[in-house]
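Q: Going by the working numbering, the sequence shown opens with residue 67, and the numbers climb by one from there.
Provided herewith is a single structure, encoded as structure tokens, for subsequent inquiry.
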Amino acid sequence: MAQGILSGKKGIIFGALDENSIAWQVAMQAHAEGAQIVLTNAPVAMRMGAINNLATAINAPVIPADVANNDDMHNLIAKSMEHFGGGVDFILHSVGMSLNVRKGKTYTDLDYDFMHKTMDISAMSLHRLLQTCMKLDAIKEWGSVVALTYIAAQRTFPDYNEMAEAKSFLESIARSFGYHYGVAKKVRINTISQSPTKTTAGGGIKGFGAFYNYANEISPLGNASSQDCAKYCISLFSDYTRMVTMQNLFHDGGFSNTGVSHSVMQKFED
Ligand SMILES: NC(=O)c1ccc[n+]([C@@H]2O[C@H](COP(=O)([O-])OP(=O)(O)OC[C@H]3O[C@@H](n4cnc5c(N)ncnc54)[C@H](O)[C@@H]3O)[C@@H](O)[C@H]2O)c1
């Protein structure tokens, strides 16, 4: 039930591709909580058209931007400020893409041009976003930036491939920029480490179904849904979490602190 905890706040949401996207759920809930939103996605994602349905539903403009392109990023932030008549209160970075995963390259046979692209889109884009915002003074004091990540940044999940490196890189940028933006403007920057979730990006990982079911059986609360993830994002955008910054926050039903569960042990009984 919406409480209006983002009433009067303005934000930019990256990465809503279709209804399954985590960003889609965040946009719907942020709107329900009273926020005004600008939506953005890669020009190629725009052609799929679904984002326009979301834009209509929440009365938000869509400004295309490839997160790997400096000019696109500058244009997006400048146009968003024009639209809002000033800075924003929150930003969701919900973007990830690996060309090696997409092309079926395994971790021990990576194409390095693809890998550069993966790091640029999935990790450096957070730096590009924050640096652009800082230069344009686009985030208000006590503003909040959240990026989505996965526990493969800390522990090995063999089929997560080079995205493990991308997520480690992303989490490090959140910490480092969190320091600089905190000192400069009291802007807070965190990553949310989310359970496996059935989305386009998630489903692209080899063996995703087994991966999803395993995590669900290990986690005392089960896998966290994209709707629950959206609620957590909203709390981080709100004024109730003003002193939380530079953190990687697990939103995974307890997966990260569980060694094994009884239901998994039963499968290995001799
Ligand atoms: N699905 C999962 O299991 C899971 C788990 C943990 C973290 N995450 C992370 O959540 C975030 C959102 O992914 P999702 O699962 O909602 O999948 P999704 O496929 O719905 O979202 C990924 C988004 O990234 C966008 N994107 C890709 N390249 C881009 C570019 N060059 N410029 C701008 N946008 C670009 C896509 O268009 C898409 O909207 C990602 O960072 C992902 O790694 C996902």
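The beta carbon of each residue, even a glycine, is placed where N, CA and C say it ideally should be.
Taking its Cβ as the centre, do 16 or more other Cβ atoms sit within 10 Å of Val-167, making it buried, or is it exposed?
A: Answer is buried; the Cβ neighbour count reaches 16.
Q: Exposed or buried, which one is Arg-254 when buried takes at least 16 other CB atoms within 10 Å?
A: Result: buried.
Q: Check whether the Cβ atoms of Leu-83 and Asn-107 sit closer than 8 Å, and answer yes or no.
A: Yes, these two residues count as a Cβ contact at 8 Å.
Q: Residues in its own chain within less than 6 Å of Ser-234 by CB, not counting five upstream and five downstream?
A: Cβ within range, chain order: Ala-219.
Q: Using DSSP with H/G/I as helix, E/B as strand and the rest coil, what is Lys-252?
A: Coil.
Q: Apart from the five residues on each side of it in sequence, which residues of its chain come closer than 8 Å, Cβ to Cβ, to Glu-23?
A: For the chain, the structure presents residues 67 to 336; residue 23 sits outside this window and is missing.
Q: Tell me the residue span of the alpha helix (DSSP H) that contains Ile-88.
A: Unbroken alpha helix (DSSP H) run through Ile-88: 88-98.
Q: Relative to ligand 1, is the shortest distance from any of its heavy atoms to the C-beta of Phe-180 smaller than 7 Å?
A: Not so, every heavy atom of ligand 1 lies at least 7 Å from the Cβ.
Q: According to DSSP, which residues form a beta bridge with Gly-269?
A: The partner list for Gly-269 (beta bridge, DSSP) is empty, contrary to what the question assumes.
Q: Would you check whether ligand 1 has a heavy atom nearer than 7 Å to the C-beta of Gly-162?
A: It does: the Cβ of Gly-162 is within 7 Å (strictly closer) of some heavy atom of ligand 1.
Q: Mind checking which residues open and close the beta strand (DSSP E) that includes Ala-213?
A: Run containing Ala-213: 205-215, per the beta strand (DSSP E) assignment.
Q: Is Lys-251 closer than 8 Å to Asp-155 when the C-beta atoms are compared?
A: The answer is no: Cβ separation not under 8 Å.
Q: Does the beta-carbon of Ala-68 have 16 or more other beta-carbons within 10 angstroms, so that it is buried, or is it exposed?
A: So Ala-68 ends up on the exposed side.
Q: If you draw a straight line from the C-alpha of Lys-333 to the C-alpha of Gly-320, how long is it?
A: Taking the straight line from one Cα to the other gives about 20 Å.
Q: Between Cys-199, Leu-236, Asp-138, which lies nearest to Gln-313 when the distance is taken from Cα to Cα?
A: Taking only the C-alpha atoms, the option nearest Gln-313 is Leu-236.
Q: Per DSSP, Ile-124 forms a beta bridge with which residues?
A: Note: Ile-124 sits in no beta bridge, so no partner.
Q: For ligand 1, is there a heavy atom less than 7 Å away from the beta-carbon of Val-253?
A: No; taking the cut-off as 7 Å, the Cβ of Val-253 has no heavy atom of ligand 1 nearer than that.
Q: Have a look at Glu-85, Ala-101, Leu-142, His-97 and flag the residue whose alpha-carbon is nearest the alpha-carbon of Met-114.
A: Per the Cα distances, Glu-85.
Q: In whole angstroms, give me the CA-to-CA distance for Val-120 and Gln-91.
A: Sequence inspection shows Leu at residue 120; the Val mentioned does not correspond to that position. The alpha-carbon atoms of Leu-120 and Gln-91 are separated by roughly 10 Å.
Q: Could you round the C-beta distance between Val-161 and Gly-81 to whole angstroms and report it? I think they count as a contact, below 8 Å.
A: Yes, Val-161 and Gly-81 are in contact; Cβ-Cβ is about 5 Å, under 8 Å.
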